[in-house]
Amino acid sequence: MASLQSSFTALATNPRHCTSPNSKHFSATPSHFSTHANRTPRFQVSCNGGETQKPSSEGHVDRRNMLLGLGGLYGASNLISEPQAYAAPIEPPEFKACGVARDVATGDLLDVNCCPPVSDNIIDYKLPRFDKLRVRPAAHKVTPEYLAKFEEAIRRMKKLDKDDPTDPRGFMQQANIHCAYCNGAHDQVGHKDLDLQVHNSWLFFPFHRWYLYFYERILGKLIDDPTFVLPFWNWDNPKGMQMPRIFDNGRSPLYNGNRNQANRPPKLIDLGFSGATEDLQIVVNNLTAMYSEMIRSVNSTTDFMGQPYRAGSPPSPGMGSSERGSHVAAHVWVGDPRNKYSEDMGNFYSAGRDVLFYSHHANVDRMWSIWRGLKTDVPKDINDPDYLNAAFLFYDEHKQLVRVKAGDCLDHKKMGYEFEKVDTPWLNYKPSKKAEKANIKKITSGAETAEKLFPLTLKKVTRVLLNKSAKGKADEVLVLENIETDTSKFIKFDVFVNDEDDEAKELDKAEYAGTFAQVPHKTKDKKGRSTINLRLTDIYEDIDVDDDDTIVVTLIPRSNGQDVTIGGIKIIPSPPRSG
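Position one of the sequence shown corresponds to residue 241 (our numbering), numbered consecutively onward.
Rendered as structure tokens:
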């Protein structure tokens with residue numbers, strides 16, 4: 241049982257990245273000489289719509305009993321090289337060149353303008369000094385006093401929409417930040433018609449951390465309370481695995497009618513979209529998925545953070561395990577299927593219109609802070625200057641347009657906040673070792689070799705017989721290459737190793753390897769292309785591969801498998817775990 245999170249990391253399959261005419265690697269393609277002055281207006285949206293902690297390395301006798309005690313029910317970083325000689329950091333967009341919105345699938349003009357107010361006065365932002373850290377609370381535990389303050393802040397932000405629709409601090413202006421940065425409104429500076437995208441790469445965590453930082457400060461300014469903080473939706477803990485009830489009061493400014501009505505409280509979120517129906521099974525699936533995306537499947541820094549994304553390169557080189565896991569799951573689970581584009585949370589262009597979005601991303605931000613403190617063999621920080629110097633533009637609480645860099649938000653405490661201390665039960669949720677070795681004869685009887693199956697359109701459950709790079713419990717990585725998806729669809733599939741069960745609605749078992757998933761989003765040709773990798777080392781130990789020289793990988797489509805094609809699959813020795 242897993243979550244939309246866990247396992248794989250998308251690796252870049254981009255062409256070389258060029259920088260400038262002065263570079264010896266420069267290629268004189270037309271895009272390198274283009275400017276935004278003659279930019280054709282266009283913009284599409286998709287149609288579907290730390291505390292230092294040490295993970296347990298031991299199995300568990302009965303984790304379901306442990307759950308009852310918690311309150312009842314309730315890449316190898318460079319498998320494809322990224323030569324820095326061709327690269328440069330992503331620059332902040334030019335707001336003057338913002339485009340219009342069209343649906344990616346139909347080309348229909350959408351009644352939405354995501355473009356921000358234009359200002360020629362841009363300053364480099366300097367973090368203020370904080371004498372005391374503000375504490376972001378868990379949304380399901382907030383006090384009545386806090387809730388009253390939160391509701392009043394959102395009420396005043398929404399009032400700005402009526403009083404002055406051009407105020408960049410207004411609710412819709414803030415929501416449109418996500419729309420513009422995530423759905424193609426901005427071109428990369430100096431690269432006409434090449435989208436700027438802050439998802440599906442190493443920009444995902446730093447962009448959203450800055451986004452929430454200014455959103456939070458604006459809310460505090462509106463109620464004259466500089467100590468104000470956003471709550472986090474604690475979906476990684478059984479006690480928080482339902483939509484927080486503070487967002488489900490129809491009389492509250494936190495409420496949004498554009499949500500999946502079948503998933504209102506007390507319905508439990510299914511982070512793995514596994515199809516499980518028992519609440520207890522959903523909880524153990526969720527915890528297993530969290531352990532996988534945070535620890536078990538991560539072989540390198542970019543496996544978790546996302547793949548390198550540099551100036552001049554195509555957008556969306558590949559998601560990290562957390563982005564394509566729990567992050568995607570919550571977006572899709574909350575989005576309203578009654579709406580054409582699954583608005584609001586189910587589509588990047590409209591997600592910021594739901595206040596729950598910011599609470600969801602506060603927990604995504606918390607996952608980053610927790611991961612940086614985990615004691616594992618994977619480096620936690622990226623030292624590449626193209627990552628550290630990637631820049632974004634935001635309006636601050638004083639309506640001043642400011643420039644910020646990814647490298648200035650790595651430590652959330654330097655930004656003046658921390659998170660309420662809550663239990664992280666998934667930290668000790670390593671799957672139990674398989675009691676007995678799988679019946680290999682039974683598994684291989686329905687499996688085909690990769691040479692016969694691939695390229696593979698994943699229309700049904702598929703078993704693949706693969707040769708290992710070395711016999712037995714070797715340190716290896718599973719690579720699924722050249723995955724092509726329809727970016728207008730919610731795509732998800734899970735992966736298991738030596739599993740005898742084709743249904744696999746239970747993710748809390750040793751054979752579960754991980755997942756791939758995507759939120760619908762915009763690309764020029766509706767196609768997403770990536771490669772993902774999955775660490776196998778711990779799985780071999782847990783399923784007891786002995787001296788086997790082959791394994792059977794099972795691919796299980798969970799959503800729109802007919803819209804994903806996998807170019808190839810193989811096992812390689814684990815590359816060095818550099819950051």
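All residues carry an ideal CB built from backbone N, CA and C; glycine is no exception.
Quick caveat: nothing in here was measured; it's all calculated off a predicted structure.
Meets three-Cβ-pair contact criterion under 8 Å: the stretch 694 to 707 and the stretch 557 to 568: no
Contact belief for HIS600 with ALA570 at Cβ below 8 Å, rounded distance in angstroms: 5 Å
Whole alpha helix (DSSP H) elements within the stretch 675 to 709, 4-residue minimum: 680 to 684 and 690 to 693
Host alpha helix (DSSP H) of LYS767 (start-end): That residue, LYS767, is in no alpha helix (DSSP H); its beta strand (DSSP E) goes 767 to 775.
PHE544 to PRO619 span [Cα, whole Å]: 10 Å
Short Cβ contact (8 Å threshold) for VAL793 with VAL737: yes
Cα-Cα separation, SER359 to PHE335: 8 Å
Distance CB(GLU391)-CB(PRO471) smaller than 8 Å: no
The stretch 443 to 454 in contact with the stretch 572 to 585 per 3-pair CB rule at 8 Å: no
Buried/exposed call for GLN758, threshold 16 Cβ in 10 Å: buried
Buried or exposed by the 16-neighbour rule on C-beta atoms within 10 Å, applied to LEU367: exposed
ALA602 (DSSP reduced to helix, strand or coil): helix
Boundaries (first-last residue) of the beta strand (DSSP E) holding HIS567: Segment: none, HIS567 is in no beta strand (DSSP E) and carries neither H nor E.
Pick from ILE417, THR755 and SER562 that is closest to LYS732, judged by C-alpha positions: THR755
Whole-angstrom C-beta distance between MET483 and ASN503, which should lie under 8 Å: 7 Å
Cβ neighbour criterion (16 or more within 10 Å) applied to PRO323: Interpretation of PRO323 is limited by its pLDDT of 41, a score under 50 that renders its predicted location unreliable; no figure is taken from the coordinates.
Any C-beta of chain B under 8 Å from that of LYS620: Among the chains of the structure shown, chain B does not appear; only one protein chain is present.
Residue nearest to ILE458 in terms of C-alpha spacing, selected from PRO329, LEU387, GLN413 and TYR495: GLN413
Nearest-angstrom Cα separation, counted from PRO357 out to ASP400: In the sequence under discussion, the amino acid at residue 400 is Leu, which differs from the Asp named in the question. Using only the alpha carbons, I get a separation of about 14 Å.
Inter-residue spacing [alpha-carbon to alpha-carbon] between GLY558 and ASN722: 11 Å
Identity of the residues DSSP links to ARG643 by a beta bridge: ASP364 and LEU633
Where ASP741 falls, given that 16 or more other Cβ within 10 Å makes a residue buried: exposed
Under the three-state DSSP convention, the category SER243 falls into: Only weak support exists for where SER243 lies, its pLDDT of 38 falling under 50; the coordinates are left without a value.
Whole-angstrom distance between LYS372 and HIS638, CA atom to CA atom: 22 Å
Which listed residue (GLU660, GLU658 and MET585) has its alpha carbon closest to that of PHE730: MET585
Terminal residues of the beta strand (DSSP E) in which THR790 lies: 790 to 799
Simplified DSSP state of PRO813, which is helix, strand or coil: strand
The stretch 686 to 702 contacting the stretch 784 to 801, beta-carbon criterion three pairs below 8 Å: yes
According to DSSP, residues forming a beta bridge with PHE756: PHE733
Classification of SER590 by the beta-carbon crowding that lies within 10 angstroms, buried from 16 upward: buried
Continuous alpha helix (DSSP H) assignments of at least 4 residues falling wholly in the stretch 418 to 485: 444 to 462
ALA378, DSSP secondary structure in three states: strand
Segment limits, alpha helix (DSSP H) that includes TYR657: It is not in any alpha helix (DSSP H) - TYR657 instead sits in the beta strand (DSSP E) that spans 657 to 659.
Closest Cα partner of LEU443 within the set ILE362, ASN525 and GLY560: GLY560
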